[in-house]
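Colleague:
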Amino acid sequence: MAYLLVIGTRKGLFTARSEDRRAWEVTGPHRLDEANDAGMSPVYTVGINPRTKRLLAGTESWHFGPSVWHSDDLGATWTEPPSPPIAFPEDTDGSLTRAWQFAFGADPDTVFAGVEPHALFRSSDGGDSFELVRALWDHPHRVNWMPGAGGAAIHTVLPGTLGAGRQSPEAITVAMSTGGVYQSEDDGASWTPTNRGISAGFLPDEEPEYGQCVHKVAAAPDGSFYAQNHHGVYRSANPAVDGWSRIEEGLPTDFGFAMVAHPHDPDTALNFPVISQEVHLPAGYRLGAYRTDDGGTTWRAVNEGLPEEPYFGIVLRDAACTDGARVPGFYFGTRSGDVYATTDDDDRWNLVTAHLPDVLCVRATEV
Amino acid sequence: MRVTVHLTSVLRVDAEGATHVPLEVEDGTELRGVLDALAARHPGLDRRIRDEQGALRRYVNVFVDQDECRSVGGLEAPVHDGSDVRLLPSVAGG
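Just so you know, the sequences run in chain order A and B. Numbering of the first sequence is given in the numbering used here, commencing with residue 22 and proceeding in unit increments. Numbering of the second sequence is given in the numbering used here, commencing with residue 48 and proceeding in unit increments.
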């Protein structure tokens, strides 16, 4: 068994392979297209189809716009479809700024893309082409969804679950900045905001129906959720019924971006605390992860193997992940360009690589 | 009328390596029509220059002869028989 880690950075795409998840062979930056240096600009999202192992990368070019590339050989070669894979229809006023998230549906060819401006796209051909999910684009709330600091984006797409015991192929949960959490139980035909309990300190109504700046939602294996909000860390078994409950007690800050749920234990998750919306530096100026094993009741620092000196690169919203293996691996990268990995049976983080450009996203899988 | 579109090196991959593309367009065609004709000849080029709503990408400069198009009408900029249209990346990046 080997493991593949795909790393999107501010300046291109890197990959790393390992047999034991301790020693890694890193390659990159991958020049997706030798002729025009595509992919040497920001890569805000990467995806690994769990069934086909196709890699998807959302790329940008300062000059020539965003695109989506795919690789069917684990990153050795890349293809850009002849027509732009994600494009807003002519009858909308939208044009793609950035792909923020790829997520995979119940069948091998279904891929979702959360994008900026706030929209969800769906592919039925593995990511060669996407269609706008109209019901969310046409949602009457959309005119009130405002850009977060990172942009006006749907950055989280979680197909298959609405909550614990509410998993189905027709279920889709998305999160956006700003706007909050929306859920569809009918395969995207209709959408309902499910933000009760999540605060929005930047709005007159601090607990509105929608409008929150949810930074990341992670689905636990029982279908429940963890969420890192723009101030506030939350847990919900079933957002539509139970709302959300705060679980940040025991964390050094309530601000942050990334949240990773354990793939097999619904009570375990990782969080990466950040100092406040104004500061955006690691809590205590120390690179660290916090882990709960009781659903957020308590948290403990898991910093073994991480730098002990002051550290100033935070973990962005998609720069942490799990590989989902039987003994899961966990991974994160920082804006200082360092990438770390550990496994569930080892609380020590191992350095995968250092001194990359700012790490924007990571995804990992068994291969 | 005949118009020649000149391609910067990074765009040539989307035009089968061509350095320039001569186009025959109707008299009175504006820049938009020239770009439409270019897109018909090389569909892969258009996505680099214009977004899916047809707007020029912010950091692509399009010169009609000596004038950057945004100063002479944007996509409605007049084009004349013998005009040279140059597609160039602007000063951006990082």
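Where a beta carbon is used, it is the ideal one built from N, C-alpha and C, also for glycine. Fair warning: this is a prediction, and the values are worked out from it, not measured in the lab.
Would DSSP call A13(B) helix, strand or coil?
Modeller: An answer regarding residue 13(B) cannot be provided, because it is not within the stretch 48 to 141 covered by chain B.
Colleague: So what does DSSP say about A210(A), is it helix, strand or coil?
Modeller: The answer is coil: DSSP assigns A210(A) none of H, G, I, E or B.
Colleague: Just tell me which of P287(A), P294(A), A290(A), A127(A) has its CA closest to the CA of T5(A).
Modeller: Residue 5(A) cannot be examined here, being either before or after the span of chain A that is shown, 22 to 388.
Colleague: Considering P260(A), what are the terminal residues of the alpha helix (DSSP H) in which it resides?
Modeller: Unbroken alpha helix (DSSP H) run through P260(A): 260-263.
Colleague: Measuring straight from C-alpha to C-alpha, what distance separates A173(A) and D288(A)?
Modeller: Distance between the alpha carbons of A173(A) and D288(A) is about 31 Å.
Colleague: What residues from the region 94-115 of chain B come within 8 Å of chain A, judged by C-beta to C-beta, listed N to C?
Modeller: Flagged, chain order: R94, R95, I96, D98, E99, Q100, A102, R104, Y106, V107.
Colleague: Which value, in whole angstroms, describes the spacing of the CA atoms of V132(A) and F333(A)?
Modeller: In a straight line, the C-alpha of V132(A) is about 35 Å away from that of F333(A).
Colleague: The alpha helix (DSSP H) with P331(A) in it runs from where to where?
Modeller: From DSSP, P331(A) is part of no alpha helix (DSSP H); its letter is neither H nor E.
Colleague: Return helix, strand or coil for H176(A), following the three-state DSSP convention.
Modeller: Three-state result, H176(A): strand.
Colleague: Comparing C-alpha positions only, which one of D149(A), G218(A), Q233(A) sits nearest to A258(A)?
Modeller: The candidate whose alpha carbon is nearest that of A258(A) is G218(A).
Colleague: Could you give the distance in angstroms between the alpha-carbon of A84(B) and the alpha-carbon of G186(A)?
Modeller: Roughly 55 Å between the two C-alpha positions.
Colleague: Note down, in chain order, each residue of its chain lying with its Cβ closer than 6 Å to the Cβ of W320(A), except the 5 sequence neighbours on either side.
Modeller: Closer than 6 Å at the Cβ level, and outside the excluded window around W320(A), lie G271, L272, Y311, T313.
Colleague: Specify the secondary structure class of R95(B) as computed by DSSP and reduced to three states.
Modeller: Helix, per DSSP.
Colleague: Could you work out which residues of chain B lie near G86(A), taking near to mean beta carbons separated by less than 7 Å?
Modeller: Near G86(A) (Cβ distances below 7 Å), the residues of chain B are R94, R95, D98, R104.
Colleague: Measure the beta-carbon distance from G169(A) to T199(A) and round it to whole angstroms, keeping in mind my assumption that it falls under 8 Å.
Modeller: Indeed, because the Cβ distance is near 5 Å, the residues count as touching under 8 Å.
Colleague: Between the Cα of G354(A) and the Cα atoms of F125(A), F223(A), T36(A), which residue gives the shortest distance?
Modeller: The option with the nearest alpha carbon to G354(A) is T36(A).
Colleague: Just the C-alpha distance for G129(B) and V119(B), rounded to the nearest angstrom, thanks.
Modeller: Taking the straight line from one Cα to the other gives about 17 Å.
Colleague: What span of residues does the beta strand (DSSP E) with R79(B) cover, start to end?
Modeller: It is not in any beta strand (DSSP E) - R79(B) instead sits in the alpha helix (DSSP H) that spans 78-88.
Colleague: Please report how far the alpha carbon of H236(A) lies from the alpha carbon of N324(A), in whole angstroms.
Modeller: Computed Cα separation, rounded: 23 Å.
Colleague: What are the start and end residues of the alpha helix (DSSP H) that includes L157(A)?
Modeller: Looking at the DSSP string, the run of the alpha helix (DSSP H) that includes L157(A) is 155-158.
Colleague: The ligand MG and E299(A): does any heavy atom of the ligand fall closer than 7 Å to the residue's C-beta?
Modeller: The ligand content of the structure shown is nil, which means the ligand MG is not present either.
Colleague: Taking the alpha carbon of R38(A) as the reference point, which residue from K32(A), Y24(A), H51(A), P50(A) has its own alpha carbon closest?
Modeller: Checking every option, the nearest Cα to that of R38(A) belongs to Y24(A).
Colleague: Roughly how many angstroms lie between the CA atoms of P129(A) and S88(A), to the nearest whole one?
Modeller: If I take the Cα positions, the gap works out to 21 Å.
Colleague: Cutting at 6 Å between CB atoms, please list the residues of its own chain near P303(A), excluding the five before and the five after it.
Modeller: The residues are Y332, I335.
Colleague: Counting only beta-carbon separations shorter than 8 Å, does A139(B) have a partner in chain A?
Modeller: By this cut-off, A139(B) is an interface position.
Colleague: On the DSSP letters alone, give me the boundaries of the beta strand (DSSP E) that R256(A) sits inside.
Modeller: 254-257 is the span of the beta strand (DSSP E), which, as asked, contains R256(A).
Colleague: Would you decide whether A221(A) is buried or exposed? Buried here means 16 or more other CB atoms lie within 10 Å of its CB.
Modeller: The residue is buried, with at least 16 neighbouring Cβ atoms inside 10 Å.
Colleague: To which residues of the same chain is H376(A) closer than 7 Å at the C-beta, ignoring the five residues directly before and after it?
Modeller: Counting only Cβ-Cβ distances below 7 Å, and skipping sequence neighbours, we find G358.
Colleague: Quick one: measure Cβ to Cβ for T66(A) and C342(A), integer angstroms, because I've assumed they're closer than 8 Å.
Modeller: Not confirmed; about 12 Å, so no contact.
Colleague: For E152(A), which of helix, strand or coil comes out of DSSP?
Modeller: In this structure, E152(A) counts as strand in the three-state DSSP scheme.
Colleague: Going by beta carbon distance, what residues of the same chain come within less than 6 Å of W265(A), once the five residues before and after it are set aside?
Modeller: Once the five neighbours on either side are set aside, the close Cβ partners of W265(A) are G218, I219, Y255, S257.
Colleague: Quick check on DSSP: helix, strand or coil for H162(A)?
Modeller: H162(A) falls in the helix class under three-state DSSP.
Colleague: Hey, out of L78(B), S137(B), P136(B), V111(B), whose CA is closest to L122(B)'s CA?
Modeller: Selected option, being the one with the closest Cα: L78(B).
Colleague: Below 8 Å on the Cβ atoms is my contact criterion, and I expect W158(A) with G140(B) to pass it. Report the Cβ-Cβ distance as a whole number of Å.
Modeller: Actually they do not touch by this definition, with Cβ atoms about 31 Å apart.
Colleague: Could you spell out where the beta strand (DSSP E) holding R133(B) opens and where it closes?
Modeller: From DSSP, the beta strand (DSSP E) with R133(B) extends over 131-136.
Colleague: Would you list the residues sitting across from I193(A) in a DSSP beta bridge?
Modeller: Paired residues: P180(A), S205(A).
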